[in-house]
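Notes follow once the structure below has been shown.
In our numbering, the protein residues as written are 36 to 428.
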């Protein structure tokens, strides 16, 4: 019976049969299995007691069939749904384990072995900060850290690790020839296209209101602390993104492999996206859009004039924390997970509980705010939680 059930589930996943057909097959499978057991007992009884008439065997078979059926019970739709939930959960867990294992193998790989001995050195460069309104990074291999300086100058510390040179002097000469570090009409450009040379940058800039901070990294993390910029655009192929103490108007944070962490921030519009990693957002934010393919997403806004929160996760849970004095209008959905609205003063407009789809639409009126905060939480296999901030309860 177990093999037949797995075969039916596989046919359902492949699209060979519909959900109704799968339920029908599983319901038929239960009684057929119950008949198999008595038939086998009947054969054994005939072999051991050939002298007994067939009429004496029929009552015992009927009684055994009834007792067996009462112990196992019919395979209902709820049982089928629970089986599918376990199957999808196992698939999601295996996918997350695969991604985490692959990332860990890449991180622990010894790059020195195939490329020979590495040459490392540190180089410091300074520049007057007068007239700089934008900061632009373009680093193929290396991480970037941006912090506030206590002086009026821009200082960049480069930690370089290269495999293409035999001596430190030759490595430094080759690095400086290909490095771009200049003030381009108010734009501080720091660029390195050396894919076989790791260039980690620690940049300190004076306290100011910058127009934009932009970073494009191929392999490396990005960190920014206590630097204000009207626009922030960070994109990395492999590495985490960490931002704290930032005031901005628009921010875009994107990584293919890594977590995104933003805290102590204040801004108008924020977009955060990762394929593999956790997303954590906390600040006075008006418009937030956050999503992760493989990871949990937690979004907190303390702005009583927040306008929109849109959160999505494929194989992780979602948590949304909001002020308690705002008007609300939203919807939360999940295919396999639980929906938890810890909001006692809302009106639930509509609720749906279907196979592979759960949803709750809700709203709340408030005298403190005229425009409602629109909330959308969409998870595939994980749960969705919406709750008021603890400080506002």
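Glycine included, every Cβ here is placed at the ideal spot set by N, Cα and C.
For clarity, every value in this text was computed on a predicted model and none was experimentally measured.
Helix, strand or coil at residue i according to DSSP, with G and I counted as helix
i           : result
residue 267 : strand
residue 252 : strand
residue 21  : This structure cannot speak to residue 21, because the chain is shown only from 36 to 428.
residue 152 : coil
residue 211 : helix
residue 344 : strand
residue 349 : coil
residue 229 : coil
residue 275 : coil
residue 206 : helix
residue 45  : helix
residue 282 : strand
residue 201 : coil
residue 94  : Because residue 94 sits at a pLDDT of 45, beneath the cut-off of 50, its placement in the model cannot be relied upon, and the following sentence gives the value as read from the coordinates. If DSSP states are grouped into helix, strand and coil, residue 94 belongs with the helices.
Beta-bridge partners of residue i, as assigned by DSSP
i           : result
residue 191 : 160 and 238
residue 328 : Partner(s): none; residue 328 has no beta bridge.
residue 176 : 254
residue 296 : 277 and 315
residue 196 : 155 and 233
residue 290 : 271 and 309
residue 224 : 171 and 217
residue 247 : 169 and 266
residue 259 : 181 and 278
Supposed contact pair residue j and residue i - C-beta distance, whole angstroms, cut 8 Å
i           : j           : result
residue 311 : residue 297 : Residue 311 to residue 297, Cβ: 18 Å. No contact.
residue 342 : residue 321 : 5 Å
residue 218 : residue 274 : Going by Cβ atoms, the distance from residue 218 to residue 274 rounds to 27 Å, so no, they are not a contact pair.
residue 370 : residue 403 : Residue 370 to residue 403, Cβ: 35 Å. No contact.
residue 337 : residue 319 : 5 Å
residue 252 : residue 174 : 5 Å
residue 355 : residue 344 : 6 Å
residue 183 : residue 261 : 5 Å
Buried versus exposed call for residue i [16 or more other C-beta atoms within 10 Å across all chains shown]
i           : result
residue 159 : exposed
residue 377 : exposed
residue 416 : buried
residue 57  : buried
residue 390 : exposed
residue 221 : exposed
residue 408 : buried
residue 147 : Because the pLDDT at residue 147 is just 44, under 50, the model does not fix this residue reliably, and the point stays unresolved.
residue 264 : buried
residue 269 : buried
residue 267 : buried
residue 215 : exposed
residue 186 : exposed
residue 231 : exposed
residue 358 : buried
residue 45  : exposed
residue 239 : buried
residue 284 : exposed
residue 208 : exposed
residue 205 : exposed
residue 384 : exposed
residue 405 : exposed
residue 335 : buried
residue 41  : exposed
residue 63  : exposed
residue 86  : Confidence at residue 86 is low in this model, with a pLDDT of 43, below 50, so the placement of that residue is unreliable and no value is reported for it.
residue 387 : exposed
residue 212 : exposed
residue 202 : exposed
residue 400 : exposed
residue 392 : exposed
Residue i Cβ short of 7 Å to the ligand SAH heavy atom set
i           : result
residue 270 : Questions concerning the ligand SAH fall outside what the structure shown contains, since it holds no ligand whatsoever.
Residue-chain proximity (residue i, chain D), Cβ-Cβ < 8 Å
i           : result
residue 232 : No chain D is part of this structure, which consists of one protein chain only.
* To do: Would you mind listing the beta strand (DSSP E) stretches within the stretch 355 to 424 that are 3+ residues and don't spill past its ends, in chain order?
  => 363 to 369, 374 to 377, 382 to 389, 392 to 399, 408 to 414 and 419 to 423
* Output the residue ranges of the beta strand (DSSP E) runs that lie fully inside the stretch 298 to 342 and measure 3 residues or longer, sorted by chain position. => 314 to 329 and 332 to 336
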